[in-house]
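S.K.:
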Amino acid sequence: MQARQYSFLDSDVFGIFDDLLEANLIDLPEMKRPEEAERRDDPKYCKYYHLVGHVIQDCFVFKDKVMQLARKGKISLEEDSTAAILVSTKCGSLNSKKASCNTTNTINEDGLLENKDSSNANECMSTITLTDKNLLLESKPHNRPLFVAGYAREQKVNIILIDEGSAVNILPLRTLKELGIPMDELSNSCLMIQGFNQGGQRAIGVIRMELLMDDIVCTTLFHVIDAKTSYNMLLGCPWLHENFVVPSTWHQYFKYYHNGKMRKVLGIANLLPKLSHTLPILSTISRP
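Using our numbering, you'd call the opening residue of the sequence shown number 13 and step up by one each time.
1. When you compare only the Cα positions, how much space is there between Met245 and Met204?
2. Counting Cβ pairs closer than 8 Å, one from the segment 233-253 and one from the segment 168-187, do we hit at least three?
3. Report back the beta-carbon spacing between Ala215 and Ser199 to the nearest angstrom; my notes put them in contact at under 8 Å.
4. Taking Leu81 as the reference, give the member of Pro157, Leu37, Pro55 and Phe256 with the closest Cα.
5. Ignore the nearest five residues each way along the sequence and tell me which others in Lys59's own chain have a CB closer than 7 Å to its CB.
6. Whole angstroms are fine: how far does the CA of Met225 sit from the CA of Asn271?
7. For Leu252, report the span of its alpha helix (DSSP H) as first-last.
8. Quick check: Glu183 and Val236, are their CB atoms within less than 7 Å of each other?
9. What is the rounded straight-line gap between the Cα of Ile280 and the Cα of Ala179?
10. Under DSSP, the alpha helix (DSSP H) around Val78 begins and ends at which residues?
11. For Tyr243, collect the residues of the same chain with a Cβ closer than 6 Å to its Cβ; drop the 5 residues on either side in sequence, then sort them by chain order.
12. Would a C-beta distance cut-off of 7 Å place Val64 and Arg83 closer than the cut-off?
13. Which of helix, strand or coil does DSSP assign to Ser260?
14. For Tyr163 and Leu40, I'd like the C-alpha separation in whole angstroms.
15. Among Glu222, Thr232, Asp238 and Pro153, which has the Cα closest to the Cα of Lys189?
16. What is the rounded straight-line gap between the Cα of Asn132 and the Cα of Phe20?
17. Only counting the same chain, and skipping five residues up and downstream in sequence, which positions put a Cβ closer than 8 Å to that of Arg275?
18. Would Val160 and Val277 qualify as a contact pair, given that the criterion is a beta-carbon distance under 7 Å?
19. Use the C-beta contact count for Gly27: other C-beta atoms within 10 angstroms, 16 or more gives buried, fewer gives exposed.
20. Please state whether the Cβ-Cβ distance between Asn181 and Thr232 is less than 7 Å.
21. How many angstroms separate the CA atom of Lys75 from the CA atom of Trp262?
22. By a C-beta neighbour count over all protein chains shown, 10 Å radius and 16 as the cutoff for buried, is Gly177 buried or exposed?
23. For Asp54 and Lys273, what's the separation of their Cα atoms in angstroms?
24. Does the beta-carbon of Asp70 have 16 or more other beta-carbons within 10 angstroms, so that it is buried, or is it exposed?
25. With Met79 and Arg165 assumed to form a contact (beta carbons below 8 Å), what rounded beta-carbon distance in angstroms separates them?
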């Protein structure tokens, strides 16, 4: 039997269920065994059927209903959403939310509706200026991409590509293995990633993990691919927009605001003349 594929993570099903129920977009089926309805602490309790047998993450009927609502345009689901749960409510409907300067309603990990202003609302309206004063490569013409370094799973990762043309964040399989992350931590993905040559490759899966870079700390959704790449990690528009990052390949750095102050993270241009595969994916330098 071919496995079903859904455009949302199994870990997000709890929040999706609570949000749909609150918005009256789903009707629960009639309880077949009322005596099991109160056994909510049972590890195999299904919130949709109110039965003990399987968890709601494995409830194909409920997940199929979510996909039907998405196809009808009643809700919107995006794999690269940066919210804690992939759906949020606004005016009685469900919409995927990305970081913005507006007040948003999001669903936290406990399934509760939160109304709050974006923490960076004022900062994202501030002006970020890029000047040639401190060009990392002086004023020489170049076509180098912007590579930086960061920390994931308490390990330093070199050669992280900042790519504002990518719609997703990408983690090569080899980096996943170097970080010591087992394959069973991946969630299913039905996303087909297309390169510049229009060749498509299906992601092996998706994973959320904390990424630290300078003062930026956030949980990032990565699509894992099995491919030979010139980078050990790729950060695209989802990460850039969530953290209000303004990158420049010409200047070889990116800027962002933190606590009202503009910060600058330099690219690792001094490492670039060497072949990328000769550089270690991970270093033994401890996380600050």
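Glycine is no exception: its CB is placed at the ideal position from the N, C-alpha and C atoms.
M.R.: According to the data block:
1. By one-based count along the sequence shown, residue 245 stands at place 233. By one-based count along the sequence shown, residue 204 stands at place 192. Approximately 18 Å between the Cα atoms of the pair.
2. yes
3. Walking along the sequence shown from the start, residue 215 turns up at place 203. Walking along the sequence shown from the start, residue 199 turns up at place 187. 10 Å between Cβ atoms; not a contact.
4. By 1-based counting over the sequence shown, the position of residue 81 is 69. Checked all of Pro157, Leu37, Pro55 and Phe256; the closest Cα to Leu81 is Leu37.
5. The residue labelled residue 59 in the question sits at position 47 within the sequence shown. The residues are Phe29 and Ile68.
6. The residue given as residue 271 occupies position 259 in the sequence shown. The residue given as residue 225 occupies position 213 in the sequence shown. If you take the alpha carbons of Asn271 and Met225, they lie about 15 Å apart.
7. Sequence index remark: in the sequence shown, residue 252 carries index 240 (1-based). Taken as a continuous stretch (DSSP letters only), the alpha helix (DSSP H) holding Leu252 covers Cys249 to Glu254.
8. As a working mapping, residue 183 is identified with position 171 in the sequence shown. As a working mapping, residue 236 is identified with position 224 in the sequence shown. Residue identity check: residue 183 is Leu in the sequence provided, not Glu. The answer is yes: Cβ separation under 7 Å.
9. By one-based count along the sequence shown, residue 280 stands at place 268. By one-based count along the sequence shown, residue 179 stands at place 167. Taking the straight line joining both Cα atoms gives about 23 Å.
10. Taking the first residue of the sequence shown as position 1, residue 78 is located at position 66. Val78 -> alpha helix (DSSP H) spans Phe72 to Arg83.
11. Translated into positions along the sequence shown, residue 243 becomes position 231. Around Tyr243: Ile171 and Leu173.
12. If you number the sequence shown from 1, residue 64 lands on position 52. If you number the sequence shown from 1, residue 83 lands on position 71. No, Cβ-Cβ distance for Val64 and Arg83 is not below 7 Å.
13. Counting from 1 along the sequence shown, the entry for residue 260 is found at position 248. The answer is strand: DSSP assigns Ser260 an E or B state.
14. One-based indexing of the sequence shown puts residue 163 at position 151. One-based indexing of the sequence shown puts residue 40 at position 28. Taken atom to atom, the span from the alpha-carbon of Tyr163 to that of Leu40 is near 44 Å.
15. Residue 189 sits at position 177 when you count from the first residue of the sequence shown. Measuring from the Cα of Lys189, the nearest candidate turns out to be Asp238.
16. Residue 132 sits at position 120 when you count from the first residue of the sequence shown. Residue 20 sits at position 8 when you count from the first residue of the sequence shown. Confidence is the limiting factor: at Asn132 the pLDDT is only 47, short of 50, which leaves the residue's position unreliable and the question unanswerable from this model.
17. Sequence index remark: in the sequence shown, residue 275 carries index 263 (1-based). Closer than 8 Å at Cβ, skipping near neighbours: Asp226, Asp227, Lys267, Tyr268 and Tyr269.
18. By 1-based counting over the sequence shown, the position of residue 160 is 148. By 1-based counting over the sequence shown, the position of residue 277 is 265. Yes, these two residues count as a Cβ contact at 7 Å.
19. If you number the sequence shown from 1, residue 27 lands on position 15. Classification of Gly27: buried, given that the 10 Å Cβ count is 16 or more.
20. Indexing the sequence shown from 1 puts residue 181 at position 169. Indexing the sequence shown from 1 puts residue 232 at position 220. Yes, the Cβ-Cβ distance between Asn181 and Thr232 is below 7 Å.
21. Translated into positions along the sequence shown, residue 75 becomes position 63. Translated into positions along the sequence shown, residue 262 becomes position 250. If you draw a straight line from the Cα of Lys75 to the Cα of Trp262, it comes to about 45 Å.
22. For the purposes of this step, residue 177 is taken as the residue at position 165 of the sequence shown. The residue is exposed, with fewer than 16 neighbouring Cβ atoms inside 10 Å.
23. Residue 54 sits at position 42 when you count from the first residue of the sequence shown. Residue 273 sits at position 261 when you count from the first residue of the sequence shown. When rounded, the distance between both Cα atoms is 49 Å.
24. Residue numbering aside, residue 70 sits at position 58 when the sequence shown is read from its first letter. Flag for Asp70 reads exposed.
25. Translated into positions along the sequence shown, residue 79 becomes position 67. Translated into positions along the sequence shown, residue 165 becomes position 153. That belief does not hold up - the Cβ atoms of Met79 and Arg165 are roughly 32 Å apart, past 8 Å.
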